Every structure is written in structure tokens, then in C-alpha cells.
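Peer 1:
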Amino acid sequence: MSQLRVLVVDDEDKIRQVIGIYLNNEGYLVEEAADGEEALRKFRDQSWDVIILDVMMPKLDGVTVCQEIRKVSQVPIIMLTAKNDEVDRILGLEFGADDYMGKPFSPRELVARIKAVLRRTGAGEKKEEHLLKFPSMRMDLISREVLVKEKELTLTPKEFELLTLLAKNVARSYSREQLLEMVWGFDYYGDVRTVDTHINRLRDKLRAAGAENYIKTVWGVGYKFEVES
Numbered sequence: 001m002s003q004l005r006v007l008v009v010d011d012e013d014k015i016r017q018v019i020g021i022y023l024n025n026e027g028y029l030v031e032e033a034a035d036g037e038e039a040l041r042k043f044r045d046q047s048w049d050v051i052i053l054d055v056m057m058p059k060l061d062g063v064t065v066c067q068e069i070r071k072v073s074q075v076p077i078i079m080l081t082a083k084n085d086e087v088d089r090i091l092g093l094e095f096g097a098d099d100y101m102g103k104p105f106s107p108r109e110l111v112a113r114i115k116a117v118l119r120r121t122g123a124g125e126k127k128e129e130h131l132l133k134f135p136s137m138r139m140d141l142i143s144r145e146v147l148v149k150e151k152e153l154t155l156t157p158k159e160f161e162l163l164t165l166l167a168k169n170v171a172r173s174y175s176r177e178q179l180l181e182m183v184w185g186f187d188y189y190g191d192v193r194t195v196d197t198h199i200n201r202l203r204d205k206l207r208a209a210g211a212e213n214y215i216k217t218v219w220g221v222g223y224k225f226e227v228e229s
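Take the sequence shown: its letter number 44 is residue 44 in full-length UniProt numbering, and every next letter is one higher.
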């Protein structure tokens, strides 16, 4: 079985480093994010088995990040909160966190909590979760490689993120506003025409490479990824 991937999100460098050391020693593959916006970017870019998420962070707080992740994924989330902050714990659990730990905490206990939440959710049992396979197309979320009929397709970073979001959620419809927020971020000042432009370019590239028409327009809503039977 491949290494389990953990995203550690905390604005304190020392906490991220300590967690990373313990998890690396346990055989986990660890990446870090220092704020909520970076966390969402890394979440969208790759596939994760567990996310460790601090509540109090700059730019976007942990509860908001948890809420955004839960719109598209059930990846296990363990939230880190101030020791006595019951409100943060309740909010985190209500918005979909699987567990929480109060600060300061024992790294050994955090490792035990990760193992427990993986057992409860059954996460990490599937091999090659970073690979998305469809008729005529294959995506590797780690190497960020897209192959159409075994030939590599060149995409811009935003085109790849857009395709990844849609392909990870087959048949789910997204509005242009949702796609703009989730791919370009909360602080992007463009409008929804940016989404239309990128979708059109993505469709053109897929069509030219010989892929099926995966990206469908949902009239009055936006777009979805669909695999024809």
C-alpha cells in the first residue's frame, strides 16, 4: 500500500514541524500549509488521506476551511483548538470535522487519533487514490499529469485545478460562482466569465487530443463532469 498523505495546516511553524517529524517517523507523507487559503489550494491540487487543521489562522479560519472542504470531500479532518474553547470544538464538529484536539497536545496522541479516525472512516484503504481514470483519459493528482489516449496533455495550473475539481466529483453540478471561488480563491476580483473562458479552453484541448466530451454545460446552473455509459 502506498504512503498515506497528511496535510498539516497551522500558522505556527514549530507546531507544523513537530507534527511533521512524528508523522514522518510513522511512515506518513506530510505536506504543510501556513494559512487557510494555502490549505484550500493544496487540498484542491492533490489527494489527501487526512487533514490536520488549526482553527485560528490568518486569511481563512479553520472552521471556514473545513466547511469548504466538506462541500466536495469527506476526507477525514482533525481540528486543533485552544484547550478550553468549546465553541470552536462545537463549530468544527458541526461543519464536518471528524475529531478535535485541544492545544497544547501530545504528538503521540495525535498520531493515535489519526490512526483511529482512519479506522473509523475506512480512509486510506484504497490504492492509487491520486489517480483518476476515465475512458480515454487518466489524471495523476500528485505529478499533475493528464494523459489522453496515453499522450500527455499540456494544461495551465488553473486548467488543471478546474479539471481536477470537476473530475473528482463526477455528475455534480457547480455554478460559475462556486468554481470561481474554489479554484481562484475568495480574494479573486475577476468575474464568472473567467470560468467560461477556462472551460472553453479546456474543452478545446481535450477535444483536440481526442478525449470524450466530459465537461457538460448545465443550463441555468454551470458545469459538471460526466462520463457517458
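No residue lacks a Cβ here, since even glycine has one placed at the ideal position from N, Cα and C. All values reported here derive from a predicted model rather than from experimental measurement.
Given a cut-off of 8 Å, decide if valine 65 and alanine 39 are closer than it, judged by their beta-carbon atoms.
Peer 2: Yes, they are a contact pair.
Peer 1: Could you pull the start and end residues of the alpha helix (DSSP H) that isoleucine 21 belongs to?
Peer 2: Run containing isoleucine 21: 13-25, per the alpha helix (DSSP H) assignment.
Peer 1: Looking at tyrosine 223: is its Cβ nearer than 8 Å to the Cβ of leucine 179?
Peer 2: Against a cut-off of 8 Å, the Cβ pair of leucine 179 and tyrosine 223 comes out as a contact.
Peer 1: Using DSSP bridges, identify the partner residues of threonine 81.
Peer 2: Gly102.
Peer 1: Please state if the CB of valine 111 and the CB of tyrosine 22 are separated by a distance shorter than 8 Å.
Peer 2: Their beta carbons are under 8 Å apart, which means tyrosine 22 touches valine 111 by this criterion.
Peer 1: With C-beta atoms as the reference, is isoleucine 52 less than 8 Å away from leucine 80?
Peer 2: A contact, by the Cβ cut-off of 8 Å.
Peer 1: In whole angstroms, what separates the C-alpha of leucine 202 from that of glutamate 109?
Peer 2: Rounded to the nearest angstrom, the two C-alpha atoms are 45 Å apart.
Peer 1: Looking at C-beta atoms only, is the number of pairs between the segment 140-149 and the segment 94-104 that lie closer than 8 Å three or more?
Peer 2: Judged by Cβ distances under 8 Å, the segment 140-149 makes no contact with the segment 94-104, as fewer than three pairs qualify.
Peer 1: What residue range does the alpha helix (DSSP H) around threonine 164 cover?
Peer 2: Per DSSP, threonine 164 belongs to the alpha helix (DSSP H) from 157-167.
Peer 1: Could you name the residues of the same chain whose beta carbon sits closer than 7 Å to that of alanine 171, not counting the 5 residues immediately before and after it, in chain order?
Peer 2: Cβ within range, chain order: Lys224, Glu226.
Peer 1: Tell me, which residues are paired with glycine 222 by DSSP?
Peer 2: The partner list for glycine 222 (beta bridge, DSSP) reads Ser175, Val218.
Peer 1: Lysine 127: buried (16+ other C-beta within 10 angstroms of its C-beta) or exposed?
Peer 2: Confidence in lysine 127 is poor, its pLDDT being 49 and thus under 50, which makes the residue's placement unreliable; the coordinate value appears in the next sentence. Result: exposed.
Peer 1: Glutamate 31 lies in the beta strand (DSSP E); which residues open and close that run?
Peer 2: First-last of the beta strand (DSSP E) with glutamate 31: 29-33.
Peer 1: With phenylalanine 160 and valine 146 assumed to form a contact (beta carbons below 8 Å), what rounded beta-carbon distance in angstroms separates them?
Peer 2: Right, their Cβ atoms sit about 7 Å apart.
Peer 1: Suppose you measure from the CA of lysine 42 to the CA of lysine 168; what does that come to, to the nearest Å?
Peer 2: Distance between the alpha carbons of lysine 42 and lysine 168 is about 15 Å.
Peer 1: For tryptophan 184 and lysine 158, what's the separation of their Cα atoms in angstroms?
Peer 2: Going by the C-alpha atoms only, they are around 8 Å apart.
Peer 1: Sorted by chain position, which residues of the same chain lie with C-beta nearer than 8 Å to valine 19's C-beta, five sequence neighbours on each side aside?
Peer 2: The residue asked about is misnamed: residue 19 is isoleucine in this sequence, not valine. Cβ neighbours of isoleucine 19 beyond the five flanking positions: Val8, Asp10, Val30, Ile52, Pro107, Leu110.
Peer 1: Would you list the residues sitting across from leucine 7 in a DSSP beta bridge?
Peer 2: Answer is Glu31, Ile51.
Peer 1: Which residues in the same chain have their Cβ closer than 8 Å to the Cβ of glutamine 67, if we skip the five residues on either side of it in sequence?
Peer 2: Hits under 8 Å: Phe95, Gly96.
Peer 1: Based on the DSSP output, what are the partners of valine 146 in its beta bridges?
Peer 2: Partner(s): Met139.
Peer 1: Taking the beta strand (DSSP E) that lysine 71 belongs to, which residues open and close that run?
Peer 2: Premise fails: lysine 71 is in no beta strand (DSSP E) and is neither H nor E.
Peer 1: DSSP three-state label for leucine 153, please.
Peer 2: Coil.
Peer 1: Taking 6 Å as the limit between beta carbons, can you name the residues of its chain near arginine 138, skipping five residues before and five after?
Peer 2: These residues qualify, in order along the chain: Leu147.
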